[in-house]
């Protein structure tokens, strides 16, 4: 069985994450899907970034968006509190993440989802778009964010090539209700399956596969530490493909292939081939 290769944040291990050059490199490496993360700016623009706040691990301030901007410096602040003009000043390409062997890409900036779609709609890769929310978000804000994301993808005719991903499963229930043509991937990890979890749209954490099926997920994406042959078999019995994250060695690729996983998410598409 061939396992699909999904480039994590593009090709995070070798190029700056969630950047257009990173996506172009991942496509050139032959990935089946690009996994990317989106947030919402203060002026309601859907932009790419992994965390809800700008991280100093991979981002660097350059200059304020306008002289005397009291919000500057921006790194460390929440994306929802910053406008696109402020976010555009951030250098996203020349501070290699210390955990990886990234090649710097001077001049890379935080892109919008519209720009990512313009790049990727000329390819045949699947888009795995993770909406970065958490249980503290009001439902109305989740609905607004999900609609803004879906509208952009639809305008680029990418609906049937896109899966919406979320740890906060209210995103998935919202997508099922209002944007049913998109694939919906239920992410989970040990943290989100803790007792009294608020991540699973009011479902108990003891059986995440059954919970994911009940909210209309079209696939599950567990962290590698939670992925067992029994979990894969249970998911397949419920007609749910399994996308494992994060898989960075050929040994792990072989193991999850043997389990019957359908896809793996990797930081190193150049290393993980099958």
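In UniProt numbering, the protein residues as written are 1 to 274.
All C-beta atoms, glycine included, are put in the ideal place defined by N, C-alpha and C.
Neighbourhood of residue 212 by C-beta distance below 6 Å, restricted to the same chain and skipping five residues each side: In the chain shown, residue 212 corresponds to position 212, counting from 1. A distance below 6 Å between beta-carbons, with the five flanking residues on each side excluded, links residue 212 to the following residues of its chain, in chain order: 186 and 220.
Three-way DSSP call (helix, strand, coil) for residue 275 in this model: With the chain represented from 1 up to 274, any question about residue 275 goes unanswered, as that position is not in the structure.
Please state the DSSP three-state secondary structure of residue 73. Here residue 73 corresponds to residue number 73 of the chain shown, with the count starting at 1. The answer is coil: DSSP assigns residue 73 none of H, G, I, E or B.
Through-space distance from residue 150 to residue 54, alpha-carbon basis: One-based indexing of the chain shown puts residue 54 at position 54. One-based indexing of the chain shown puts residue 150 at position 150. Pairing residue 54 with residue 150, the inter-Cα distance amounts to about 23 Å.
Could you name the residues that DSSP lists as bridge partners for residue 245? Here residue 245 refers to the residue found at position 245 of the chain shown. 223 and 265.
Endpoints, beta strand (DSSP E) assigned at residue 136: Counting from one through the chain shown, the residue named residue 136 turns up at place 136. Careful: residue 136 lies outside any beta strand (DSSP E) and carries neither H nor E.
Cβ distance (whole Å) where residue 154 is taken to contact residue 142 below 8 Å: Mapped onto the chain shown, residue 154 falls at position 154. Mapped onto the chain shown, residue 142 falls at position 142. Not a contact, Cβ separation roughly 18 Å.
At a cut of 8 Å, does the stretch 59 to 67 reach the stretch 27 to 41 through at least three beta carbon pairs? The answer is no - the stretch 27 to 41 does not touch the stretch 59 to 67, with fewer than three Cβ pairs under 8 Å.
Hey, quick one: how far does the beta strand (DSSP E) through residue 351 stretch, first residue to last? What is shown of the chain runs 1 to 274, which leaves residue 351 out entirely.
Where do the ends of the beta strand (DSSP E) carrying residue 47 lie? As a position in the chain shown, residue 47 is number 47, starting the count at 1. 46 to 48 is the extent of the beta strand (DSSP E) around residue 47.
Starting from residue 128, follow its DSSP beta bridges and name the residues at the other end. Your numbering for residue 128 matches position 128 in the chain shown. DSSP lists 35 and 163 as partners of residue 128.
Reducing DSSP to helix, strand and coil, say where residue 170 ends up. Along the chain shown, read from residue 1 onward, the residue named residue 170 stands at position 170. The answer is helix: DSSP assigns residue 170 an H, G or I state.
So that I know if they touch, is there some Cβ in chain E lying closer than 8 Å to that of residue 152? The structure shown contains no chain E; it is built from a single protein chain.
Same chain, Cβ closer than 8 Å to residue 93, five either side skipped, listed in chain order: Residue numbering aside, residue 93 sits at position 93 when the chain shown is read from its first letter. Sequence-distant partners of residue 93 (beyond 5 residues in either direction) whose C-beta falls short of 8 Å from its own C-beta, in its chain, are 16, 19, 21, 104, 105, 106, 107, 108 and 109.
Which term fits residue 206, buried or exposed, when burial requires 16 or more other beta carbons within 10 angstroms of its beta carbon? Numbered from 1 along the chain shown, position 206 holds the residue referred to as residue 206. Exposed.
Using the DSSP secondary-structure output, state which residues sit across from residue 53 in a beta bridge. Locating residue 53 in the chain shown gives position 53, where the first residue counts as 1. Partner(s): 78.
What whole-angstrom Cβ distance do residue 267 and residue 4 have, given they're in contact under 8 Å? For the purposes of this step, residue 267 is taken as residue 267 along the chain shown, with counting starting at 1. For the purposes of this step, residue 4 is taken as residue 4 along the chain shown, with counting starting at 1. That pair is no contact at about 16 Å.
On the CB-based measure, 16 or more other CB atoms within 10 Å of its CB, does residue 98 come out buried or exposed? Translated into positions along the chain shown, residue 98 becomes position 98. If you draw a 10 Å sphere on the C-beta of residue 98, you find fewer than 16 other C-beta atoms in it, and that means exposed.
Per DSSP, which residues does residue 40 bridge with? Please list them. As a first step, residue 40 must be located in the chain shown, where it is residue number 40. According to DSSP, residue 40 bridges with 46.
Indicate the three-state DSSP secondary structure (helix, strand or coil) for residue 91 in the structure shown. As a working note, residue 91 is residue 91 in the chain shown. Shown here, residue 91 sits in a strand according to DSSP, grouped into three states.
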